[in-house]
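Here my numbering is used: the sequence shown runs in plain steps of one and ends on residue 537. By construction, the Cβ of each residue, glycine as well, lies at the ideal position given by its N, Cα and C atoms.
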Amino acid sequence: MDRTSLLARLRSRPRYDLLVIGGGATGLGVALDAAARGYTVALLEADDFGKGTSSRSTKLVHGGVRYLAQGKLSLVREALHERATLLANAAHLAQPLPFVMPGYRRWETPWYGAGLKLYDALAGARSLGRTEMMSSARVQACLPGVRHDRLYGGVRYWDAQFDDARLAIALARTAVQRGAALLNHCAVTALVHGNNEEGGRVVGARAVDSETGEDLLVTADCVVNATGVWVDAIRGMDAPIDRSKVQPMVSPSQGVHLVVDRSFLGGDHALLVPKTADGRVLFAVPWLGMTVLGTTDTPRDDLAAEPEPLREEVAFILREAGRYLTRAPQPSDVRSVWVGLRPLVKPDSDAGATKSISREHAVRISRSGLVTVTGGKWTTYRSMAEDVLERCFGAGLLVRRPAGMTAALPLAGAPAHSDMPISRPPGKHLYGTDASALNELPGADRWLWRCDDDAPLRSGLSEAMVRFAVRQEMARTVEDVLARRCRLLFLDARRAEELAAPVAAILADELGRPIPDVQLSAFRQLARRYYTLP
Numbered sequence: 004m005d006r007t008s009l010l011a012r013l014r015s016r017p018r019y020d021l022l023v024i025g026g027g028a029t030g031l032g033v034a035l036d037a038a039a040r041g042y043t044v045a046l047l048e049a050d051d052f053g054k055g056t057s058s059r060s061t062k063l064v065h066g067g068v069r070y071l072a073q074g075k076l077s078l079v080r081e082a083l084h085e086r087a088t089l090l091a092n093a094a095h096l097a098q099p100l101p102f103v104m105p106g107y108r109r110w111e112t113p114w115y116g117a118g119l120k121l122y123d124a125l126a127g128a129r130s131l132g133r134t135e136m137m138s139s140a141r142v143q144a145c146l147p148g149v150r151h152d153r154l155y156g157g158v159r160y161w162d163a164q165f166d167d168a169r170l171a172i173a174l175a176r177t178a179v180q181r182g183a184a185l186l187n188h189c190a191v192t193a194l195v196h197g198n199n200e201e202g203g204r205v206v207g208a209r210a211v212d213s214e215t216g217e218d219l220l221v222t223a224d225c226v227v228n229a230t231g232v233w234v235d236a237i238r239g240m241d242a243p244i245d246r247s248k249v250q251p252m253v254s255p256s257q258g259v260h261l262v263v264d265r266s267f268l269g270g271d272h273a274l275l276v277p278k279t280a281d282g283r284v285l286f287a288v289p290w291l292g293m294t295v296l297g298t299t300d301t302p303r304d305d306l307a308a309e310p311e312p313l314r315e316e317v318a319f320i321l322r323e324a325g326r327y328l329t330r331a332p333q334p335s336d337v338r339s340v341w342v343g344l345r346p347l348v349k350p351d352s353d354a355g356a357t358k359s360i361s362r363e364h365a366v367r368i369s370r371s372g373l374v375t376v377t378g379g380k381w382t383t384y385r386s387m388a389e390d391v392l393e394r395c396f397g398a399g400l401l402v403r404r405p406a407g408m409t410a411a412l413p414l415a416g417a418p419a420h421s422d423m424p425i426s427r428p429p430g431k432h433l434y435g436t437d438a439s440a441l442n443e444l445p446g447a448d449r450w451l452w453r454c455d456d457d458a459p460l461r462s463g464l465s466e467a468m469v470r471f472a473v474r475q476e477m478a479r480t481v482e483d484v485l486a487r488r489c490r491l492l493f494l495d496a497r498r499a500e501e502l503a504a505p506v507a508a509i510l511a512d513e514l515g516r517p518i519p520d521v522q523l524s525a526f527r528q529l530a531r532r533y534y535t536l537p
């Protein structure tokens with residue numbers, strides 16, 4: 004559905020059952036769950052779907068190995084259940100991924116192996132593969148780039164990997180198919196409260212469409228604030244007289260990821276170091292023909308739309324990666340660096356570092372009825388959405404309807420069977436059943452960019468993919484295409500900068516209007532930030 008039709012759909016109702024503010028993982032999950040139950044749903048996103056934290060994850064669908072040591076078994080069990088659900092409902096976007104923990108001390112393999120056997124047990128019938136103890140030779144075969152001196156063996160276990168931004172788009176498209184009215188690039192400017200007869204409850208929001216400049220008023224029985232690290236700004240709109248009385252829910256933490264060539268790791272296994280020199284976790288993960296290195300956990304006081312890495316964060320990742328890889332990556336090897344802000348739920352006391360703050364989600368309902376949800380992670384987005392709606396029912400904001408229907412709801416493009424063969428052309432595996440429609444568009448064989456590596460799940464961008472992004476995936480800008488419909492900005496930022504003009508030309512043809520120079524200039528500046536290290 005094109006944006007003009009979506010805007011018309013948004014205007015078509017005088018009042019909705021539910022208005023969701025925020026088009027990231029949580030907001031889109033809530034919108035889809037509600038629409039699948041038959042509620043009338045509107046969603047407003049200030050920028051693009053998945054623009055913030057939801058497109059900047061480590062690209063892992065996981066149960067939380069780190070939680071095992073903390074004894075949070077119920078949290079691990081829930082995440083493992085949701086991992087299986089996501090793999091079943093979006094097999095084109097999420098696939099099992101084997102991880103190897105190399106052991107450089109004799110005790111590490113049996114110690115971590117025992118814990119990961121518990122991980123298997125918690126997964127039960129939903130296990131993706133058996134945990135195995137490995138010899139040093141097998142570790143090297145699975146991780147060709149791993150340092151082999153004093154390598155005593157390792158442990159292999161299974162989790163999963165996904166494309167976060169494209170999953171967000173799939174959720175948006177599925178919600179639209181279920182009747183929801185979703186609009187990106189439409190920022191909420193104020194909450195609307197009812198009159199005295201309505202008890203001063205929140206009954207909607209005002210917003211501005213960035214394309215047309217139109218002021219929109221969307222009213223609803225229930226309003227959900229799902230804006231991630233920015234939830235406190237929306238909560239401030241709920242108390243406009245004295246925002247200082249609004250106690251913050253979120254303590255942001257910054258996670259940095261570096262991308263280097265696939266050759267640094269090699270193979271199709273991921274590397275996990277459970278405890279680095281300073282007690283953190285290090286990942287080296289194959290993704291779309293490249294290798295992702297990360298991550299960090301650094302407290303932040305600001306909420307920048309495009310947070311930048313700190314010099315010490317980049318140095319930490321490169322230094323620690325160099326301790327475990329045969330070829331130590333250098334700053335000049337980094338193709339792209341991206342930063343995500345985690346919305347960590349603040350404890351009652353502000354004391355303590357971010358690593359002690361819960362990563363579980365929180366739902367709060369204000370006196371005016373504004374429902375705020377934040378925290379959590381991509382893996383559990385669906386169960387978070389169910390929890391939000393349960394809270395809405397309990398507060399009398401929505402009339403209860405049948406139980407959630409998303410546990411067995413395939414997302415847009417999902418193949419009928421999870422063992423569907425992977426499409427070999429770069430990037431086309433991400434389209435699933437939509438690949439045939441993609442191939443019918445002009446420019447299906449005209450490639451703007453293809454990943455140099457020959458990995459089966461590598462990335463690429465054709466002219467047809469740009470056209471499909473506009474026609475079917477609600478892309479409106481060069482950044483929408485190169486950052487989130489295609490992940491080139493996150494894989495090779497210099498190449499993304501070079502492709503800005505060719506992509507803009509196709510966008511202009513599809514949108515029927517020229518792309519402003521200011522948009523091109525802004526994207527090129529953004530791309531430079533992604534490949535310029537501090």
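Helix, strand or coil: which one does DSSP assign to residue i?
i: ALA331; result: coil
i: ASP20; result: strand
i: TYR533; result: helix
i: PHE52; result: coil
i: LEU146; result: coil
i: GLU476; result: coil
i: THR279; result: coil
i: ASP483; result: helix
i: VAL284; result: coil
i: LEU9; result: helix
i: SER465; result: strand
i: GLY239; result: helix
i: GLY297; result: strand
i: THR377; result: strand
i: THR192; result: strand
i: ARG490; result: coil
i: SER352; result: Annotation note: pLDDT 32 at SER352 (below 50); position unreliable, coordinate value reported separately. Correct three-state label for SER352: coil.
i: SER359; result: Reliability of the predicted coordinates at SER359 is poor, the pLDDT of 39 falling under 50, and the value obtained from them is presented with this limitation in mind. The answer is helix: DSSP assigns SER359 an H, G or I state.
i: CYS395; result: helix
i: ASN187; result: coil
i: ASP212; result: strand
i: GLY202; result: coil
i: GLY231; result: helix
i: VAL402; result: coil
i: GLY207; result: strand
Taking Cβ positions, are residue i and residue j nearer each other than 8 Å?
i: LEU131; j: ALA163; result: yes
i: SER538; j: THR301; result: The chain is shown only over 4 to 537; residue 538 falls outside these bounds and no answer can be derived.
i: GLU363; j: GLY343; result: no
i: ARG40; j: PRO405; result: yes
i: LEU502; j: LEU491; result: yes
i: SER2; j: LEU494; result: Residue 2 lies beyond the stretch modelled for the chain, which goes from 4 to 537, so this question has no answer here.
i: VAL374; j: CYS395; result: yes
i: PHE52; j: ILE237; result: no
i: VAL259; j: PRO334; result: no
i: GLY67; j: ALA82; result: yes
i: TRP161; j: PRO113; result: no
i: VAL44; j: LEU21; result: yes
i: LEU35; j: LEU174; result: yes
So residue i and residue j are supposed to be a Cβ contact under 8 Å. How far apart are they, rounded?
i: LYS62; j: TRP290; result: 5 Å
i: VAL23; j: ALA229; result: 6 Å
i: VAL234; j: GLY372; result: Their Cβ separation, rounded to whole angstroms, is 15 Å, which puts VAL234 and GLY372 out of contact at 8 Å.
i: LEU296; j: VAL263; result: 6 Å
i: ALA38; j: ALA178; result: 5 Å
Assuming residue i is part of the alpha helix (DSSP H), what are its boundary residues?
i: LEU31; result: 28 to 39
i: HIS272; result: It is not in any alpha helix (DSSP H) - HIS272 carries neither H nor E in the DSSP assignment.
i: VAL123; result: Residue identity differs from the one stated: residue 123 is Asp in this sequence, not Val. Taken as a continuous stretch (DSSP letters only), the alpha helix (DSSP H) holding ASP123 covers 111 to 126.
i: ALA72; result: 68 to 72
i: ALA3; result: With the chain running from 4 to 537 in the structure shown, residue 3 is simply not present.
Let's see if you can read the secondary structure: which residues bound the beta strand (DSSP E) around residue i?
i: PRO429; result: From DSSP, PRO429 is part of no beta strand (DSSP E); its letter is neither H nor E.
i: ARG453; result: 450 to 453
i: ALA308; result: Careful: ALA308 lies outside any beta strand (DSSP E) and carries neither H nor E.
i: ASP457; result: From DSSP, ASP457 is part of no beta strand (DSSP E); its letter is neither H nor E.
i: ALA82; result: Element bounds for ALA82: not the beta strand (DSSP E) but the alpha helix (DSSP H), 76 to 92.
i: VAL337; result: That residue, VAL337, is in no beta strand (DSSP E); it is neither H nor E in DSSP.
i: ALA417; result: Run containing ALA417: none; DSSP gives neither H nor E here.
Could you name the residues that DSSP lists as bridge partners for residue i?
i: PHE165; result: ALA97
i: HIS364; result: DSSP output for HIS364 lists no bridge partner at all.
i: GLN257; result: THR301, LEU344
i: GLY157; result: PRO105, MET137
i: PRO251; result: DSSP lists no partner for PRO251.
Contact criterion: CB-CB distance below 8 Å. Does residue i meet it with respect to chain C?
i: ARG16; result: Annotation note: the requested chain C is absent from the structure, which comprises a single protein chain.
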